[in-house]
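Structure record follows, encoded as structure tokens.
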Amino acid sequence: FSERVFDAAAQDLDHATLFIVGTRGATVAHERGIEPAWSAPMAAHVDAIPSFANRLADALYGYVATGAVAEIDILFSRSATSSGIQVDRHSLLPIDFGRFGRPKQIQAPLISFSPHALLERLAPEYVYAQLCEAAMHAFAAENEARMIAMLAAKTNIETKLAALSRRERQLRQQEITTEVVELAAGAEAMR
């Protein structure tokens, strides 16, 4: 899916600081002459995603702290039931509050922090949750694609096996027919 993600980000690649997740993504970037600021292999299993998200968040915060990065968009592959694999893109920082539905309650929630302090404490949790979500979706999409490829390979093998079995039966039938004709000719010659 790395090609799809790079294609979706094509207009921004010239002036972006890239953080690339996955060895295939790093390979595709190298093939396209793109040098990432940071890259790491994708988590190999679901249990490794939270620690991976922590490492990625630490790297992102390091760039934000230096002032080198002001805005962060996240792009990842997502498995969509009706349309296969699609690339999802949204703003990670600054936080896109449009992603949150407006509360239906009229009464304001009770909070023990000032709204600014509460937002300051929730922002890192939001970023971490978004990184975990993106990694999980990408992991699921990759595994779904592998499963689809394996099913296609299995179908292809079954089709080839059926064709080879038919060919084997035809050749065996030809051998039997040839042997019967030879036996009949030999018996006729002996008479």
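Just so we're aligned: 56 in the working numbering is position 55 of the sequence shown, and the numbers increase by one with no gaps anywhere. Yeah, the Cβ is synthetic: ideal placement off N, Cα and C, and Gly gets one too.
If you measure between the beta carbons of L76 and R90, is that distance less than 8 Å? Working through the sequence shown from its first residue, we reach residue 76 at position 75. Working through the sequence shown from its first residue, we reach residue 90 at position 89. The answer is yes: Cβ separation under 8 Å.
Where the alpha helix (DSSP H) through F77 begins and ends: Residue numbering aside, residue 77 sits at position 76 when the sequence shown is read from its first letter. Run containing F77: none in the alpha helix (DSSP H); it sits in the beta strand (DSSP E), 73-81.
Using the three-state DSSP reduction, which class does I50 fall into: helix, strand or coil? As a position in the sequence shown, residue 50 is number 49, starting the count at 1. Under the three-state reduction of DSSP, I50 is assigned to helix.
Look up A41 in the DSSP assignment and say whether it is helix, strand or coil. Mapped onto the sequence shown, residue 41 falls at position 40. Residue state, collapsed to three classes: strand.
For the alpha helix (DSSP H) holding V181, just list the boundary residues, first then last. Residue 181 sits at position 180 when you count from the first residue of the sequence shown. Residue range 116-191 is occupied by the alpha helix (DSSP H) that includes V181.
A81: which of V70, H138, D13, F53 sits nearest, CA to CA? In the sequence shown, residue 81 corresponds to position 80, counting from 1. Distance check between A81 and each of V70, H138, D13, F53 places H138 closest, using alpha-carbon atoms only.
Quickly, what does DSSP pair G85 with across the bridge? List them, please. For the purposes of this step, residue 85 is taken as residue 84 along the sequence shown, with counting starting at 1. For G85, which the question treats as bridged, DSSP gives the partners A81.
Kindly indicate which three-state DSSP category S92 falls into: helix, strand or coil? In the sequence shown, the residue the question calls residue 92 occupies position 91. In this structure, DSSP gives S92 an extended state, which the three-state scheme calls strand.
Cutoff 6 Å; reference A135; Cβ partners in own chain excluding five residues on either side: Mapped onto the sequence shown, residue 135 falls at position 134. Closer than 6 Å at Cβ, skipping near neighbours: I75, F77.
S3: buried (16+ other C-beta within 10 angstroms of its C-beta) or exposed? Locating residue 3 in the sequence shown gives position 2, counting from the first residue. So S3 counts as buried.
Residue(s) in a DSSP beta bridge with F20: Locating residue 20 in the sequence shown gives position 19, counting from the first residue. Residue pairing by DSSP puts F20 in a beta bridge opposite W39.
What do you reckon, are the CB atoms on P42 and L19 nearer than 8 Å? By 1-based counting over the sequence shown, the position of residue 42 is 41. By 1-based counting over the sequence shown, the position of residue 19 is 18. Note that the C-beta distance between P42 and L19 is not below 8 Å.
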